[in-house]
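What follows is a set of notes on a single structure, which appears directly below.
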Amino acid sequence: MLAKQAARKAQWHHHVNHVQAPKAMRHWLTDAGSLTAKLITHSSKFRVQRVYQQHDFCWADEYTEIGLSKASKVHAREVLLRCDDAPAIYAHTVLPLSSTASQWPLFKALGEKSLGSTLFGDPQVVRGALQFARLQPNHPAMRRAQLLTNKKFDQPLFARRSLFFRRGGVMLVTELFLPAIADLTTHIK
C-alpha cells in the first residue's frame, strides 16, 4: 500500500541533473520562457485542447506546494498541447478555491486559449523556480495522459512544474512531456 502511494507521489528536484534527462530533453525542461511559445516555433500547427476546467482534489504531490491540506479542493485545469495534431504536452494547473478573480482574472475564461500566453504576457505574474521529475506510469499525470491519448507509457516520462504568483495568489502548473516532443526537436522553424 505504501509503495503504491509513494509511486503516485513524484520526487521533484530543483536541478535537472537529478532526473538524468538526455541533452535533447534538457532544453525543453529547463527553458524558463513560455513553453507555448517554444512549441509554436517548433511546429507547423499548434493547438490547446482543453480537457476540463472544474473543481477537483489536488494530487498527493501538489497540495503542499500551494499551501493546502490534502483534502482540499482546488480550481483545476487540464489540457493537451498539440503540435502538428500530436499531443506533445499534458498540462495540469491547480489554484486554491480561495483564489480571487483579481488574482487570476482570466483563468476561468481561458477555454482553448493558452494559459502560458496569459501568464507570460502579464507583468504582474512572477514565476517561481522550476522543479523536475521523472513520473512513473501510475502517477496521476501519467494515468491521465495515457487515458487522454489512448496510449500506454511503460517508461517514466519527464515533467516539470513551477509556481506562479500574482497579487497574493498562487498557481501550480505541471507539464508532462509526452513522447511526441522528441519529434519536435528536429523541426525548428
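According to full-length UniProt numbering, the sequence shown is numbered sequentially starting from 1.
Every residue gets a Cβ at the ideal spot worked out from N, C-alpha and C, and that includes glycine.
Which one or two residues does DSSP pair with residue i in a beta bridge?
| i | result |
| --- | --- |
| residue 43 | Paired residues: none, contrary to the question. |
| residue 53 | 77 |
| residue 144 | Note: residue 144 sits in no beta bridge, so no partner. |
| residue 169 | 166 |
| residue 83 | 46 and 86 |
| residue 174 | 92 and 161 |
| residue 13 | 132 |
Between residue i and residue j, which are expected to be in contact by the criterion C-beta below 8 Å, what is the C-beta distance as a whole number of angstroms?
| i | j | result |
| --- | --- | --- |
| residue 148 | residue 90 | 7 Å |
| residue 110 | residue 83 | At roughly 19 Å, the Cβ-Cβ gap does not stay under 8 Å, so residue 110 and residue 83 are not in contact. |
| residue 142 | residue 158 | Contact flag wrong, Cβ pair sits at about 11 Å. |
| residue 134 | residue 19 | 5 Å |
| residue 103 | residue 166 | 6 Å |
Residue i by DSSP, collapsed to three states: which one?
| i | result |
| --- | --- |
| residue 7 | Because residue 7 sits at a pLDDT of 49, beneath the cut-off of 50, its placement in the model cannot be relied upon, and the point is left open. |
| residue 121 | coil |
| residue 130 | coil |
| residue 107 | helix |
| residue 182 | helix |
| residue 28 | helix |
Taking 9 Å as the cut-off, decide whether the C-beta atoms of residue i and residue j are in contact.
| i | j | result |
| --- | --- | --- |
| residue 14 | residue 136 | no |
| residue 24 | residue 117 | no |
| residue 88 | residue 43 | yes |
| residue 34 | residue 95 | no |
| residue 74 | residue 55 | yes |
| residue 173 | residue 115 | yes |
| residue 163 | residue 66 | yes |
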